[in-house]
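Quick notes on the structure that follows.
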Amino acid sequence: MVDAGILGEHEPVELLDGVLVEMSPQGQKHVVATTRLAERLRGIYAQTAQVLEEKPLATGPHDLPEPDVSVVRGRIEDYSELPTGLDAILVAEVCWSSQRIDRRKASVYALGGVEVYWLVDLAARTLELRTMPVDGAYQVTRILSEDDVVELPQSGERRTVHDLLP
0 MVDAGILGEH EPVELLDGVL VEMSPQGQKH VVATTRLAER LRGIYAQTAQ
50 VLEEKPLATG PHDLPEPDVS VVRGRIEDYS ELPTGLDAIL VAEVCWSSQR
100 IDRRKASVYA LGGVEVYWLV DLAARTLELR TMPVDGAYQV TRILSEDDVV
150 ELPQSGERRT VHDLLP
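Residue numbering for the sequence shown follows numbering that gives the first Met the number 0, starting at 0 and increasing by one per position.
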């Protein structure tokens, strides 16, 4: 739709379940948290993957979400098409007040084959870790507090949730 001129390149919408969903504007807390998380992940995945901020991820024929942060295998210039959920090592959504929509996105990511989904909840200071996607639902969901340790997939690295939060 952007290529056809129907939508502007910076329209605040995402395609979820075949419907254009208007996304809320980002506040300063969200910007700081997303930037910090992406910077930390770049340090961890610098040699093996590309860390993207708010770039489309093709997760299905009717879904084109733009996760706050995604880690995809290889380098972005090696892709002739948009990366897919199967290319993603990790997808993270950062929320202050958008928990409802970001939890809805979990099924989109699971259907698209994203193996690890993080919902970084700034208000609760938690990280919802979702793994094992089967038929559009993650089979395992763990709520991690600031002091808990999370393993960063395919890196061998571990960090406390506190280290990933602003």
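All C-beta atoms in this analysis are idealised placements derived from N, C-alpha and C, irrespective of residue type, glycine included.
What you are looking at is a predicted structure, and each value in this text was computed from that prediction instead of being measured.
- Bounds of the beta strand (DSSP E) holding LEU89 are 87–94.
- Rounded to whole angstroms, the separation of the alpha carbons of ASP67 and VAL93 is 6 angstroms.
- Annotated three-state conformation of TYR78 is coil, per DSSP.
- In the three-state scheme derived from DSSP, where H, G and I count as helix and E and B as strand, THR33 is classed as helix.
- By the CB criterion at 7 angstroms, THR83 and ALA48 fall outside the cutoff.
- Rounded to whole angstroms, SER154 and TYR137 show a C-alpha spacing of 21 angstroms.
- Between VAL70 and LEU36, the C-beta gap is not smaller than 7 angstroms, which leaves the two residues out of contact.
- Comparing C-alpha distances from VAL133 to each of ARG157, GLU53, VAL113 and ARG99 shows the shortest one belongs to VAL113.
- Its chain contains LEU89, THR130 and PRO152 as the residues whose beta carbon lies nearer than 6 angstroms to that of VAL115, once the 5 sequence neighbours on both sides are disregarded; these appear in chain order.
- CA-CA distance, ILE43 to ASP77, rounds to 20 angstroms.
- Note: ALA48 is bridge-paired with ARG72 in the DSSP secondary-structure output.
- ARG102 carries a helical assignment under DSSP once its states are collapsed to helix, strand and coil.
- With a cutoff of 7 angstroms on beta-carbon distance, GLU52 and GLU65 are scored as not near each other.
- DSSP, reduced to helix, strand and coil, places ASP120 within a strand of the structure shown.
- Distance from the CA of ALA122 to the CA of TRP95, rounded to the nearest whole angstrom, comes to 5 angstroms.
- For LEU56, the three-state secondary structure derived from DSSP is coil.
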